[in-house]
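Notes follow once the structure below has been shown.
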Amino acid sequence: MTRRVALPALARRARAAALRLAAALPPAAALWLAACGNASWEGVDEAVVRRVAEDAGRHDTGPLFAGIEGDLLLFAFLWAGLLSGFALGYFSRVLFVERAGQPAGKPGGEGLRAD
């Protein structure tokens, strides 16, 4: 058997206000999205960096990777990260696993104690 504890009046009012706010948020968000749905938002590059560069007398030189755009650019960065991660992991075995004078099959943790 559970016993209900009566909430103080202030807590009841705060709970009721929170429920009203939670009920009002989805319609307000839908209204805001409908009003701003077609608006064009400038990125930091366009709004800040380009303006500061033009004030300093610099001009736009174009993208670094001109032929690669959209998902192809993301795919290229994915493969670059995978290959560099593999290379770093493979060559770090020399630091953590293999020791000079020990074969690669023997773990490097054996015989490393200083006693």
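Per my numbering, residue -18 is the first one in the sequence shown, and the count goes up by one each step. We treat Cβ as the ideally placed atom computed from N, Cα and C, and that holds for glycine. None of these values were measured; they are calculated from a predicted model.
Note the first and the last residue of the continuous alpha helix (DSSP H) segment covering A9.
-> Stepping through the sequence shown from its first residue, residue 9 is reached at position 28. Per DSSP, A9 belongs to the alpha helix (DSSP H) from A(-10) to C17.
State the Cα-Cα distance for the pair G66 and L53, rounded to the nearest angstrom.
-> Counted from its first residue, the sequence shown places residue 66 at position 85. Counted from its first residue, the sequence shown places residue 53 at position 72. Spanning the two alpha carbons is a distance of roughly 20 Å.
Pull up the CB-CB distance for A61 and I49, whole angstroms please, since I reckon it's below 8 Å.
-> Locating residue 61 in the sequence shown gives position 80, where the first residue counts as 1. Locating residue 49 in the sequence shown gives position 68, where the first residue counts as 1. Not really, about 11 Å apart at Cβ, beyond 8 Å.
Roughly how many whole angstroms lie between the Cα atoms of L6 and R(-4)?
-> Locating residue 6 in the sequence shown gives position 25, counting from the first residue. Locating residue -4 in the sequence shown gives position 15, counting from the first residue. Each residue's Cα considered, the two are about 15 Å apart.
If we ignore side chains and look at the alpha-carbon of each, how far apart do V25 and A15 end up?
-> Sequence index remark: in the sequence shown, residue 25 carries index 44 (1-based). Sequence index remark: in the sequence shown, residue 15 carries index 34 (1-based). Going from the Cα of V25 to the Cα of A15 covers about 24 Å.
Nearest-angstrom Cα separation, counted from A3 out to R31 | Counted from its first residue, the sequence shown places residue 31 at position 50. Counted from its first residue, the sequence shown places residue 3 at position 22. Looking at the two C-alpha atoms, the distance is approximately 40 Å.
Given E27 as reference, the closest of L55, D41 and A68 once Cα atoms are compared | Within the sequence shown, numbered from 1, the residue matching residue 27 stands at position 46. Taking only the C-alpha atoms, the option nearest E27 is D41.
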